[in-house]
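Let me begin by presenting the structure, written as structure tokens, before commenting on it.
Protein chains: 2
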Amino acid sequence: MRIPYSDMVSVFSRILESRGMAADDAALAARLFADASADGVHSHGLNRFPRFVSNIESGIIDVHSRATLESRIGGIERWNGNRGPGNINAWICTERACDIAAENAIGVVALRNTNHWLRPGNYGIEAVRRGCIAIMWTNTMPNMPPWGAKKAAIGNNPIVLAVPYGDSPLIVDVAMSMFSYGKLEKYSMDGTECPVDGGFDEDGNPTRDPEAILKTRQVLPIGYWKGSGLSIALDLIVSCISGGLTTQEVGKLDSETSLSQIFIAISMDSFPDRKELDAKIEATLEAIDASEPMKAGMNVHYPGEGMKHTRDQSMRLGVYADDAVWSKVLEML
Amino acid sequence: MRIPYSDMVSVFSRILESRGMAADDAALAARLFADASADGVHSHGLNRFPRFVSNIESGIIDVHSRATLESRIGGIERWNGNRGPGNINAWICTERACDIAAENAIGVVALRNTNHWLRPGNYGIEAVRRGCIAIMWTNTMPNMPPWGAKKAAIGNNPIVLAVPYGDSPLIVDVAMSMFSYGKLEKYSMDGTECPVDGGFDEDGNPTRDPEAILKTRQVLPIGYWKGSGLSIALDLIVSCISGGLTTQEVGKLDSETSLSQIFIAISMDSFPDRKELDAKIEATLEAIDASEPMKAGMNVHYPGEGMKHTRDQSMRLGVYADDAVWSKVLEML
């Protein structure tokens with residue numbers, strides 16, 4: 000079914016307020032969930048909302064906390080998420096990084112002790128709206144084996160890279176694993192294979208069979224050994240800069256919490272050659288779009304390009320919602 | 000054969016001086032080439048030296064130029080490489096980023112109009128030696144098709160992420176393509192397949208056959224569409240920050256030159272909790288090493304771990320050199 004965007008925001012907001020969240024935080028969190036669904040990222044929109052509420056109810060998320068500035072170390076600010084809502088904390092740090100960038104060309108905000116930030120792209124989109132390039136990433140609990148290992152010991156540590164370009168910015172929002180567990184479960188439910196190898200089966204062979212991967216939990220890093228190395232580095236860098244927990248330390252907790260994140264914003268307006276830079280971006284993205292496709296009838300797009308179309312459709316026709324999940328959410332009212 | 004490290008440095012240095020390079024630059028460039036070979040990165044060590052010299056002779060590299068500071072924009076320095084030697088320029092910017100980081104916790108140096116920086120890891124290793132985390136990348140000429148496209152339009156844009164850890168730091172040094180052209184040529188010469196899919200064949204099917212990929216030049220990005228997106232973002236970010244050419248713009252030149260690079264250093268000493276951070280790094284890297292391997296008899300390592308062993312061996316027994324390449328280099332004396 001399709002739900003009007005404002006209805007979806009309103010329902011989310013009322014539920015969050017009823018769980019003790021302050022009205023302005025609830026409104027923001029509700030909007031971020033609805034935006035994810037409106038942009039087609041259902042896994043971190045409506046579909047993730049029930050888990051967010053249950054994490055509030057179980058105390059993993061402290062609904063009364065918000066990120067606070069802990070220290071300034073040269074060009075770096077360290078913030079403490081105080082185990083508050085991950086989306087609110089990430090939003091605060093995104094805004095702060097953009098504020099610093101407006102003054103200093105670059106803003107670097109590191110956040111420790113926070114919760115899952117839900118849809119990463121939201122923060123890249125906001126930075127871009129404020130005229131900033133964004134470089135942001137988070138660590139996670141151990142959910143991927145290091146290259147050559149049997150058991151999960153590193154995170155899939157999603158990264159967001161965003162570059163302003165009119166109303167169709169470049170938004171690269173990728174985890175260091177080839178597929179998330181949510182995606183593997185979706186393939187399994189749909190009875191389809193992964194489009195490329197997604198992990199290893201019980202015999203240690205690469206496989207596209209989502210059920211085999213869900214069994215071994217040996218998901219494949221992007222670029223095999225390369226993504227494994229990138230994941231380790233992203234984790235250690237973010238936990239050092241923020242002074243927060245590493246993936247290994249998060250793995251010792253009862254649940255995935257107290258994560259470390261970094262928010263780097265670079266203000267395009269600070270550059271005297273901004274016009275030339277905008278032209279460079281346009282020329283590159285247009286050339287990619289105009290690429291001759293490998294197979295006839297296909298189109299080549301840059302990441303984020305399709306989002307505007309999906310968003311427009313959601314605003315016009317309503318936001319797509321899985322019937323069962325939406326019913327479940329309505330019961331939380 | 001194996002050549003004593005100091006002999007290799009001396010030969011490189013004399014050749015570069017004979018091509019007009021100032022003595023101190025020649026000594027540094029020679030050391031960087033020898034270090035790459037000593038650490039086992041032959042493709043960007045000895046094996047690349049003849050091409051470096053021919054690029055000097057053909058004027059792509061201006062042997063008399065060095066990177067110079069162009070402007071300070073808030074927390075960002077923009078440098079102009081003046082088409083000087085890429086390794087000397089990258090070294091200057093690495094040192095500068097570390098100098099700024101020593102004062103400001105983080106140093107951000109953007110470099111435009113430079114040449115190929117040869118072995119990326121060298122700059123990560125130097126930053127780490129100075130107690131800094133390193134985040135550095137370069138763009139390249141178009142050498143990889145964007146996801147779904149037939150022809151190269153994006154770069155493989157290598158990135159270096161480095162984290163200090165005693166004499167075995169974490170050094171992640173990866174391009175956004177699964178295999179470099181050099182590596183594909185090596186597989187082809189050796190008559191072996193790529194260990195995983197490396198590109199597409201003429202029918203548009205993924206393949207491990209290096210010759211098929213060298214024919215289509217459709218190399219595979221790491222993580223398929225993910226690496227394609229990362230490559231586009233890395234290119235646009237680095238060319239905006241530096242004010243330099245994009246991959247697309249480099250592709251219009253007669254040869255691969257006037258590249259854009261970024262050098263971010265974060266000083267570990269600036270953090271009051273440095274001891275705890277060092278302990279976190281140690282715990283993570285030791286846990287990875289201690290991982291149960293997926294297949295019996297294998298070992299799990301973090302990136303950069305094996306380097307010290309190779310380096311020690313090179314210093315003890317001499318640096319491995321391909322006979323034919325070494326002979327060719329000696330003829331340049």
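Chains as they are written, first to last, in numbering that gives the first Met the number 0: chain S, 0 to 332; chain F, 0 to 332. Even for Gly, the Cβ is constructed at its ideal location relative to N, Cα and C.
Would you kindly work out how many angstroms separate the C-alpha atoms of Asn-46(F) and Ser-313(F), rounded to a whole number? Taking the first residue of the second sequence as 1, we reach residue 46(F) at position 47. Taking the first residue of the second sequence as 1, we reach residue 313(F) at position 314. About 16 Å.
Could you check where the beta strand (DSSP E) with Trp-78(S) kicks off and where it finishes? Here residue 78(S) refers to the residue found at position 79 when the first sequence is read from its first residue. Annotation for Trp-78(S): the continuous beta strand (DSSP E) segment containing it runs 75-79.
By the 10 Å Cβ neighbour count, where 16 or more other Cβ atoms means buried, how is Met-188(S) classified, buried or exposed? Taking the first residue of the first sequence as 1, we reach residue 188(S) at position 189. It is exposed - the Cβ of Met-188(S) has fewer than 16 other Cβ atoms within 10 Å.
Residues that Gln-333(S) bridges to, as DSSP identifies them: A question about residue 333(S) goes unanswered here, because the residues of chain S that appear run from 0 up to 332.
For Gln-217(S), collect the residues of the same chain with a Cβ closer than 6 Å to its Cβ; drop the 5 residues on either side in sequence, then sort them by chain order. Start at 1 with the first residue of the first sequence, and residue 217(S) comes out as number 218. Hits under 6 Å: Pro-144, Gly-198 and Phe-199.
Would you say Asp-321(S) lies against chain F (beta-carbon separation less than 7 Å)? Translated into the one-based positions of the first sequence, residue 321(S) becomes position 322. Chain F places no beta carbon closer than 7 Å to that of Asp-321(S), leaving this residue out of the contacts.
Buried or exposed (CB count within 10 angstroms, at least 16 for buried), His-63(F): Locating residue 63(F) in the second sequence gives position 64, counting from the first residue. By the beta-carbon neighbour count (other beta carbons within 10 angstroms, threshold 16), His-63(F) is exposed.
Would DSSP call Ser-176(S) helix, strand or coil? Taking the first sequence and counting its residues from 1, one reaches residue 176(S) at position 177. Note: Ser-176(S) maps to strand in three-state DSSP.
Listed by chain order, chain F residues near Lys-185(S) by CB distance under 8 Å: By one-based count along the first sequence, residue 185(S) stands at place 186. Listed along chain F is no residue with a C-beta nearer than 8 Å to that of Lys-185(S); the closest approach is about 17 Å.
Can you find at least 3 beta carbon pairs, one from the stretch 69-78 of chain S and one from the stretch 115-122 of chain S, that sit closer than 8 Å? No: fewer than three Cβ pairs fall under 8 Å.
Name the residues in the stretch 300-315 of chain F whose C-beta lies less than 9 Å from a C-beta of chain S; which are they? Answer set for the stretch 300-315 of chain F: His-300, Tyr-301, Pro-302 and Gly-303.
Take Ile-99(S) and list the residues in its own chain whose beta-carbon comes closer than 8 Å to its own, dropping the five residues that flank it on each side. As a working note, residue 99(S) is residue 100 in the first sequence. For Ile-99(S), where only same-chain residues beyond five positions count, the Cβ hits under 8 Å are Glu-76, Ile-105, Gly-106, Val-107, Val-108 and Ala-264.
Identify whether Ile-166(F) lies in helix, strand or coil by the three-state DSSP scheme. For this step, residue 166(F) is matched to residue 167 along the second sequence. Strictly speaking, residue 166(F) in this sequence is Asp, with Ile absent from that position. Strand, per DSSP.
Below 6 Å CB to CB, which residues in the same chain sit around Met-135(F) once its five sequence neighbours on both sides are set aside? As a working note, residue 135(F) is residue 136 in the second sequence. Correct list, in chain order: Tyr-122, Val-159 and Phe-262.
Looking at the C-beta of Leu-68(S), does it have a partner C-beta in chain F at a distance below 7 Å? On the first sequence, position 69 is the one that residue 68(S) refers to. Answer no: the Cβ-Cβ gap between Leu-68(S) and chain F never drops below 7 Å.
Name the chain F residues whose beta carbon is nearer than 7 Å to that of Gln-247(S)? Taking the first sequence and counting its residues from 1, the one referred to as residue 247(S) is at position 248. Contact note: Gln-247(S) reaches chain F through Ala-282, Thr-283 and Ala-286, using a C-beta cutoff of 7 Å and chain order.
Say whether chain S places a C-beta atom closer than 7 Å to the C-beta of Pro-292(F). In the second sequence, the residue the question calls residue 292(F) occupies position 293. So yes, Pro-292(F) belongs to the interface.
Cutoff 7 Å: Ser-17(F) Cβ touching any chain S Cβ: Residue mapping note: residue 17(F) aligns to position 18 of the second sequence, counting from 1. Chain S contact via Cβ: absent.
Strictly under 7 Å for the Cβ-Cβ distance: is Tyr-180(S) near chain F by that measure? Within the first sequence, the letter at position 181 stands for residue 180(S). Answer no: the Cβ-Cβ gap between Tyr-180(S) and chain F never drops below 7 Å.
Between the stretch 138-153 of chain S and the stretch 287-299 of chain F, can you find at least three pairs of beta-carbon atoms closer than 8 Å? Result yes; three or more Cβ-Cβ pairs closer than 8 Å.
Cutting at 7 Å between CB atoms, please list the residues of its own chain near Ala-21(F), excluding the five before and the five after it. Residue mapping note: residue 21(F) aligns to position 22 of the second sequence, counting from 1. The beta carbon of Ala-21(F) sits closer than 7 Å to no other beta carbon from its chain once the five residues preceding and following it are set aside.
Under the three-state reduction of DSSP, which class applies to Ile-72(S): helix, strand or coil? The sequence position of residue 72(S) within the first sequence is 73, counting from 1. In the structure shown, Ile-72(S) sits in a strand (DSSP, three-state: E or B).
Looking at the C-beta of Cys-239(S), does it have a partner C-beta in chain F at a distance below 7 Å? For the purposes of this step, residue 239(S) is taken as residue 240 along the first sequence, with counting starting at 1. At least one chain F Cβ lies under 7 Å of Cys-239(S).
Identity of the residue in Ala-35(F), Ile-212(F), Glu-125(F) and Asp-196(F) nearest Arg-310(F) by Cα: By one-based count along the second sequence, residue 310(F) stands at place 311. The shortest C-alpha separation from Arg-310(F) is found at Ala-35(F).
Short check: CB of Asn-156(F) to CB of Ser-230(F), under 7 Å? As a first step, residue 156(F) is located in the second sequence; it is residue number 157 there, counting from the start. As a first step, residue 230(F) is located in the second sequence; it is residue number 231 there, counting from the start. Yes, Cβ-Cβ distance for Asn-156(F) and Ser-230(F) is below 7 Å.
Quick one: list the residues of chain S neighbouring Lys-149(F), beta-carbon separation under 8 Å, in chain order. Taking the second sequence and counting its residues from 1, the one referred to as residue 149(F) is at position 150. Ordered by position in chain S, the residues that pass the 8 Å Cβ test against Lys-149(F) are Ser-290, Glu-291, Pro-292 and Met-293.
For the pair the stretch 201-221 of chain F and the stretch 174-186 of chain F, tell me if three or more CB-CB distances fall below 8 Å. With a cut-off of 8 Å, the stretch 174-186 of chain F and the stretch 201-221 of chain F count as touching, because enough Cβ pairs lie within range.
Check whether the Cβ atoms of Asn-114(F) and Thr-283(F) lie closer than 7 Å to each other. Start at 1 with the first residue of the second sequence, and residue 114(F) comes out as number 115. Start at 1 with the first residue of the second sequence, and residue 283(F) comes out as number 284. No. Outside cutoff.
When you compare each of Phe-32(F), Pro-3(F), Met-0(F) and Arg-1(F) to Ile-14(F) by their alpha carbons, which one comes out closest? For the purposes of this step, residue 14(F) is taken as the residue at position 15 of the second sequence. When each option's Cα is compared against that of Ile-14(F), the closest is Phe-32(F).
Name, in chain order, the residues that DSSP records as bridge partners for Gly-198(F). As a working mapping, residue 198(F) is identified with position 199 in the second sequence. Note: Gly-198(F) sits in a beta bridge opposite Thr-206(F) and Val-218(F).
Let me know the secondary structure DSSP gives Pro-292(F) once reduced to three states. Taking the second sequence and counting its residues from 1, the one referred to as residue 292(F) is at position 293. Assigned with DSSP and collapsed to three states, Pro-292(F) falls in strand.
For the stretch 166-179 of chain S, enumerate the residues whose C-beta is nearer than 7 Å to any C-beta of chain F, in chain order. Taking 7 Å as the upper bound on Cβ-Cβ separation, chain F lies near residues Leu-169, Val-171, Val-173 and Met-177 of the stretch 166-179 of chain S.
Exposure label - Asp-38(F); buried when at least 16 CB within 10 Å: Your numbering for residue 38(F) matches position 39 in the second sequence. Residue environment analysis places Asp-38(F) among the buried positions, since at least 16 neighbouring C-beta atoms fall within 10 angstroms of its C-beta.
For Val-249(S): DSSP bridge partner residues: Counting from 1 along the first sequence, the entry for residue 249(S) is found at position 250. In the DSSP output, where bridge partners are listed per residue, Val-249(S) has none listed.
Tell me the rounded alpha-carbon separation between Gly-154(S) and Met-0(S). Taking the first sequence and counting its residues from 1, one reaches residue 154(S) at position 155. Taking the first sequence and counting its residues from 1, one reaches residue 0(S) at position 1. CA-CA distance, Gly-154(S) to Met-0(S), rounds to 34 Å.
Classify Ala-323(S): buried if its beta carbon has 16 or more other beta carbons within 10 angstroms, exposed otherwise. One-based indexing of the first sequence puts residue 323(S) at position 324. Its Cβ having fewer than 16 others within 10 Å, Ala-323(S) is exposed.
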